[in-house]
Structure formats: C-alpha cells, structure tokens
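Enquirer: Below you will find the structure I want to go over with you.
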Amino acid sequence: MVIRNDVREILHDYMHENKKAQVFITNTGIYGMRMFKDRVFVDDRLFEGHSERYAEDAAENYVMNYGEWGEQ
C-alpha cells in the first residue's frame with residue numbers, strides 16, 4: 053500500500069457501477085492506481101517503469117472488469 057504522504061497528485065478518476073480507480077503519481081515519479089469497491093479501499097498498485105497511460109489503462113480495466121480484474 054502507498055502511504056498517502058507519498059502521493060504527489062491524483063491525476064485521474066475512473067468510475068463504473070460500484071468500482072472507482074484513481075491514477076496518481078508519487079513523490080518519486082512513479083505512477084500508480086488506488087482501487088475502491090463499494091466506496092471501500094481495496095488496494096494500491098504501483099507501476100514502476102511504466103507510463104501514465106499504462107496506469108490509466110489499468111484503472112479502466114479495473115473498473116470495467118477486464119482482464120485480471122474480471123468479476124472481482
């Protein structure tokens with residue numbers, strides 16, 4: 053989990069049905085995603101070595117139940 057003080061800025065919010073994902077950047081320049089389900093925090097994922105676009109795609113996949121996030 054990423055400590056809130058490590059998050060420099062929330063860049064994007066993705067929402068669909070009961071899921072929400074926030075794309076953020078840390079103070080060290082790593083992009084990540086914060087996940088919620090039914091308004092409850094689920095997990096943070098960091099994407100070290102990946103772009104903002106990669107984190108955006110992961111957030112969209114999470115809220116839309118695509119790929120590894122299917123029917124969670």
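Offset between the sequence shown (1-based) and this note's numbering: plus 52.
Idealized CB from N, CA, C, for every residue including glycine.
1) Leaving aside the five residues before and after D65 along the sequence, list all residues of the same chain whose C-beta is less than 6 Å from its C-beta, in chain order.
2) Exposed or buried, which one is R105 when buried takes at least 16 other CB atoms within 10 Å?
3) Taking the beta carbon of M67 as the centre, do at least 16 other beta carbons fall within 10 Å, making it buried, or is it exposed?
4) Which class does Y114 belong to by DSSP, given the choice of helix, strand or coil?
5) What residue from G101, F88, N70 and K71 has the CA that sits closest to T78's CA?
Expert: Working from what's here:
1) The answer, listed in chain order, is Q74.
2) So R105 counts as exposed.
3) Burial call: exposed.
4) If DSSP states are grouped into helix, strand and coil, Y114 belongs with the helices.
5) Of the listed residues, the one whose Cα sits closest to T78 is G101.
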